[in-house]
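Colleague: Per our numbering, numbering through the sequence shown is continuous, rising by one, with the last residue being 187. Yeah, the Cβ is synthetic: ideal placement off N, Cα and C, and Gly gets one too. Take this structure first; my questions come after.
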Amino acid sequence: MKPLKEFTIPFVGLKIGKHLFEYKIEQAFFEHFEYEEFNGVNINVNVVLEKKATLLELHFEVSGWVNVNCDVTNEPFNQIIENEFDLVVNFGDEFNDEYIDILIVPHGTYEISIEQYIYELIVLAVPTKRIHPGVEDGTLDSDILKKLEELSPRLKEDKEKEDIDPRWNTLKKLLTDK
Numbered sequence: 010m011k012p013l014k015e016f017t018i019p020f021v022g023l024k025i026g027k028h029l030f031e032y033k034i035e036q037a038f039f040e041h042f043e044y045e046e047f048n049g050v051n052i053n054v055n056v057v058l059e060k061k062a063t064l065l066e067l068h069f070e071v072s073g074w075v076n077v078n079c080d081v082t083n084e085p086f087n088q089i090i091e092n093e094f095d096l097v098v099n100f101g102d103e104f105n106d107e108y109i110d111i112l113i114v115p116h117g118t119y120e121i122s123i124e125q126y127i128y129e130l131i132v133l134a135v136p137t138k139r140i141h142p143g144v145e146d147g148t149l150d151s152d153i154l155k156k157l158e159e160l161s162p163r164l165k166e167d168k169e170k171e172d173i174d175p176r177w178n179t180l181k182k183l184l185t186d187k
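Now the structure itself:
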């Protein structure tokens, strides 16, 4: 997979200090990764790169929404996304990305690609169970919800009240009269 150029930061010409990079993520970004879980995307990413004498510190902030299908009703809705991540880029003899928040790049590297970190931040910010807000507060009117309500098992107490022969109620009174 060819890296996206707009997510490559050439840090060699930057002065020591903090630098802000802003990105607008849309559906085409996820098509590059062949990720098809989202119907639509509108996310803002702010990356603060702090260049120091011997290392780089990156702070990622992700906010916006992704349009996904509800796991209960399959209705599309906008899921709010917010996430943060800190990454330390250090210099060493060879490339090493074994650690979650530390990246070691070879001496002489003059740029860093951050597209994979942005992709993972967004995908991991989406809850594993996606439920439409209308399902939770009861405002969504859906045929699927009506069918689920119709087919759901009733509570045991409700069923017992309907199935009890009224003659048994008088016998139960004998047990409690002791």
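1) What's the C-alpha gap between Asn-48 and Gly-143?
2) With distance defined between alpha-carbon atoms, name the residue in Tyr-44, Asn-87 and Asp-174 nearest to Glu-129.
3) Rounding to the nearest angstrom, what Cα-Cα distance links Leu-13 and Ser-161 in this structure?
4) Cα separation between Gly-117 and Val-132?
5) State the DSSP-derived secondary structure class of Leu-23, mapped to helix, strand or coil.
6) Could you name the residues that DSSP lists as bridge partners for Val-81?
7) Is Ile-90 closer than 8 angstroms to Lys-114 when the C-beta atoms are compared?
8) In angstroms, rounded to a whole number, what distance separates the CA positions of Val-77 and Gln-88?
9) Give me the Cα-Cα distance between Pro-136 and Asp-80, rounded to the nearest whole angstrom.
10) Please classify Gly-101 as buried or exposed, where buried requires at least 16 neighbouring CB atoms within 10 angstroms.
11) Beta-carbon separation of Phe-69 and Phe-42 under 8 angstroms?
12) From the DSSP output, in three-state form, read off Glu-124 for me.
Modeller: Taking the geometry as given:
1) Looking at the two C-alpha atoms, the distance is approximately 18 angstroms.
2) When C-alpha distances from Glu-129 are compared across Tyr-44, Asn-87 and Asp-174, the shortest belongs to Tyr-44.
3) Near 48 angstroms, if we compare the C-alpha coordinates of Ser-161 and Leu-13.
4) In a straight line, the C-alpha of Gly-117 is about 32 angstroms away from that of Val-132.
5) Residue state for Leu-23 is assigned as coil, using DSSP reduced to three classes.
6) None; Val-81 has no bridge partner.
7) The sequence given here has Val at residue 114, not Lys. No; because the gap between Cβ atoms is not below 8 angstroms, this pair is not in contact.
8) So the two alpha carbons sit approximately 7 angstroms from each other.
9) Each residue's alpha carbon lies about 11 angstroms from the other.
10) If you draw a 10 Å sphere on the C-beta of Gly-101, you find fewer than 16 other C-beta atoms in it, and that means exposed.
11) Not closer than 8 angstroms, so no.
12) Looking at Glu-124 - three-state DSSP - the assignment turns out to be helix.
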